[in-house]
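Student: Supplied in structure tokens, the structure appears directly below.
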Amino acid sequence: MSVLQRLQPYPGLRVLISGGAAGIGEVLAAAYLEAGALVHVCDVSEPALAAFRDKYPGTVATRADVSDAAQIEAVFKVQREHFGGLDVLVNNAGIAGPTGGIDAISDAEWQATININLTAQYRFAHHAVPLLKESSHGHMLHIASVAGRLGYAWRTPYAATKWAIVGLMKSLASELGESDIRVNALLPGIVEGPRMDAVIRARAEQVGLPEAEMRQQYLDKISLKRMVTAEDVAAMALFLCSPAARNVTGQAISVDGNVEYL
Numbered sequence: 006m007s008v009l010q011r012l013q014p015y016p017g018l019r020v021l022i023s024g025g026a027a028g029i030g031e032v033l034a035a036a037y038l039e040a041g042a043l044v045h046v047c048d049v050s051e052p053a054l055a056a057f058r059d060k061y062p063g064t065v066a067t068r069a070d071v072s073d074a075a076q077i078e079a080v081f082k083v084q085r086e087h088f089g090g091l092d093v094l095v096n097n098a099g100i101a102g103p104t105g106g107i108d109a110i111s112d113a114e115w116q117a118t119i120n121i122n123l124t125a126q127y128r129f130a131h132h133a134v135p136l137l138k139e140s141s142h143g144h145m146l147h148i149a150s151v152a153g154r155l156g157y158a159w160r161t162p163y164a165a166t167k168w169a170i171v172g173l174m175k176s177l178a179s180e181l182g183e184s185d186i187r188v189n190a191l192l193p194g195i196v197e198g199p200r201m202d203a204v205i206r207a208r209a210e211q212v213g214l215p216e217a218e219m220r221q222q223y224l225d226k227i228s229l230k231r232m233v234t235a236e237d238v239a240a241m242a243l244f245l246c247s248p249a250a251r252n253v254t255g256q257a258i259s260v261d262g263n264v265e266y267l
């Protein structure tokens, strides 16, 4: 196999993506489908799932609230029934959480962010590992954030979960290496799209700046002076599922244009 051929993902991978019907999750799903994978997404939004099914006929799309342990367990029942196993788990589901000082963030906001961004990743990993141990190409990919390597004032619940995800990934890479399961994390930076627009808008309102000025402040933090796209993230995800990445594990890989500070 040539080096160029090694850059192609393994064919026929069975891929499960949480939060996969919209946003970065949908772009990840589309990329895996283009690479010939068998894709199963779960998402909490019925409209997003309906749109996903229309756009990608033949895929399996399951409704699941990832803050509910029983619903996550049900997703894996679907995975076994439809695919007979699992090769790649993309632990993607998450929320932005509140924007505000630590003294203004409520206990309910904190707990909701922890439950969806972190506890759900544990639960998906918990159910995925027995299936990944049966795979010849087992890989667990955690979607974290550049906020998992930098401090993020006014977004403490979000940053705390993303740092924790990196710790979870590092620990699982050590734990699962003997089973030939690779575990990595992607740390997207400032990603173009509606979710980032909402974050910038909320921060602008908080500090009383025009939204355009706040957007420029975000760009000024990036060495390349541009946001990344969801497609940039998906391209790295595909690489990590290729023979070229067979010895890449335990890595927190930033796809961010080098965000220097938050």
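The sequence shown begins at 6 in the working numbering and counts up by one. Where a beta carbon is used, it is the ideal one built from N, C-alpha and C, also for glycine.
1. Between the Cα of residue 12 and the Cα atoms of 235, 63, 241, 148, which residue gives the shortest distance?
2. Consult DSSP for residue 49 and reduce its assignment to one of helix, strand or coil.
3. Tell me which same chain residues have a C-beta within less than 6 Å of the C-beta of residue 145, skipping the five on either side of it?
4. State the Cα-Cα distance for the pair residue 156 and residue 49, rounded to the nearest angstrom.
5. Residue 177 to residue 140, Cα distance in whole Å?
6. By the DSSP assignment, the alpha helix (DSSP H) with residue 190 in it spans what residues?
7. State the Cα-Cα distance for the pair residue 192 and residue 148, rounded to the nearest angstrom.
8. For residue 38, which of 125, 126, 239 has the nearest alpha-carbon?
9. So if DSSP puts residue 68 in a beta bridge, which residue, or which two residues, is it bridged to?
10. Can you list, in chain order, the residues of its chain with a C-beta nearer than 6 Å to that of residue 14? Leave out the 5 residues immediately preceding and following it.
11. Per the DSSP calculation, residue 21 is bridged to which residue(s)?
12. To the nearest angstrom, report how far apart residue 205 and residue 122 are at their CA atoms.
13. Please state the DSSP three-state secondary structure of residue 145.
14. Smallest Cα separation from residue 133: which of 165, 109, 181?
15. For residue 22, which option in 36, 213, 209, 10 has the closest C-alpha, if you only look at C-alpha atoms?
16. Between the beta-carbon of residue 153 and the beta-carbon of residue 167, is there less than 9 Å?
17. Buried or exposed: where does residue 108 fall if 16 or more other Cβ atoms within 10 Å of its Cβ makes it buried?
18. Among 91, 184, 58, which one has its Cα closest to the Cα of residue 43?
19. Taking the CB atoms as reference points, tell me whether residue 106 and residue 114 lie closer together than 9 Å.
20. Is it a yes or a no for the stretch 50–64 touching the stretch 74–88, going by three-plus beta-carbon pairs under 8 Å?
21. Mind pulling the alpha helix (DSSP H) runs of 4 or more residues that sit fully within the stretch 77–123?
22. From which residue to which residue does the alpha helix (DSSP H) around residue 179 run?
23. With a cut-off of 8 Å on the beta carbons, I'd call residue 233 and residue 194 a contact; round off their distance for me.
24. Let me check one thing: in DSSP terms, what residues is residue 247 bridge-paired to?
Tutor: In terms of the structure at hand:
1. Mapped onto the sequence shown, residue 12 falls at position 7. Taking only the C-alpha atoms, the option nearest residue 12 is 241.
2. In the sequence shown, counting from the first residue as 1, residue 49 sits at position 44. Three-state result, residue 49: coil.
3. Position 140 of the sequence shown, counted from the first residue, corresponds to residue 145. Excluding positions up to five away in sequence, the list reads 94, 188.
4. Position 151 of the sequence shown holds residue 156. Position 44 of the sequence shown holds residue 49. Approximately 29 Å, taken between the alpha carbons.
5. Walking along the sequence shown from the start, residue 177 turns up at place 172. Walking along the sequence shown from the start, residue 140 turns up at place 135. Each residue's Cα considered, the two are about 16 Å apart.
6. Mapped onto the sequence shown, residue 190 falls at position 185. Looking at the DSSP string, residue 190 is not in any alpha helix (DSSP H); the run it does join, the beta strand (DSSP E), is 187–193.
7. Within the sequence shown, the letter at position 187 stands for residue 192. Within the sequence shown, the letter at position 143 stands for residue 148. When rounded, the distance between both Cα atoms is 6 Å.
8. Locating residue 38 in the sequence shown gives position 33, counting from the first residue. The residue with the shortest Cα to Cα distance from residue 38 is 239.
9. Here residue 68 refers to the residue found at position 63 of the sequence shown. For residue 68, which the question treats as bridged, DSSP gives the partners 48.
10. Position 9 of the sequence shown, counting from 1, holds the residue named residue 14. Excluding positions up to five away in sequence, the list reads 40, 243, 246, 247.
11. In the sequence shown, residue 21 corresponds to position 16, counting from 1. Note: residue 21 sits in a beta bridge opposite 45, 94.
12. Working through the sequence shown from its first residue, we reach residue 205 at position 200. Working through the sequence shown from its first residue, we reach residue 122 at position 117. Computed Cα separation, rounded: 20 Å.
13. As a first step, residue 145 is located in the sequence shown; it is residue number 140 there, counting from the start. Residue 145: strand per DSSP, three-state reduction.
14. As a first step, residue 133 must be located in the sequence shown, where it is residue number 128. It is 181 whose Cα lies nearest to the Cα of residue 133.
15. The residue given as residue 22 occupies position 17 in the sequence shown. The residue with the shortest Cα to Cα distance from residue 22 is 36.
16. On the sequence shown, residue 153 is found 148 positions in, with the first residue counted as 1. On the sequence shown, residue 167 is found 162 positions in, with the first residue counted as 1. Their beta carbons are under 9 Å apart, which means residue 153 touches residue 167 by this criterion.
17. Taking the sequence shown and counting its residues from 1, the one referred to as residue 108 is at position 103. Exposed, because fewer than 16 other Cβ atoms sit within 10 Å of the Cβ of residue 108.
18. Here residue 43 corresponds to residue number 38 of the sequence shown, with the count starting at 1. Nearest C-alpha to residue 43: 91.
19. Counting from one through the sequence shown, the residue named residue 106 turns up at place 101. Counting from one through the sequence shown, the residue named residue 114 turns up at place 109. The answer is no: Cβ separation not under 9 Å.
20. no
21. 112–119
22. The residue you call residue 179 lines up with position 174 of the sequence shown. That run of the alpha helix (DSSP H) goes 161–181.
23. Along the sequence shown, read from residue 1 onward, the residue named residue 233 stands at position 228. Along the sequence shown, read from residue 1 onward, the residue named residue 194 stands at position 189. Residue 233 to residue 194, Cβ: 5 Å. Contact.
24. Indexing the sequence shown from 1 puts residue 247 at position 242. Answer is none; residue 247 lacks a bridge partner.
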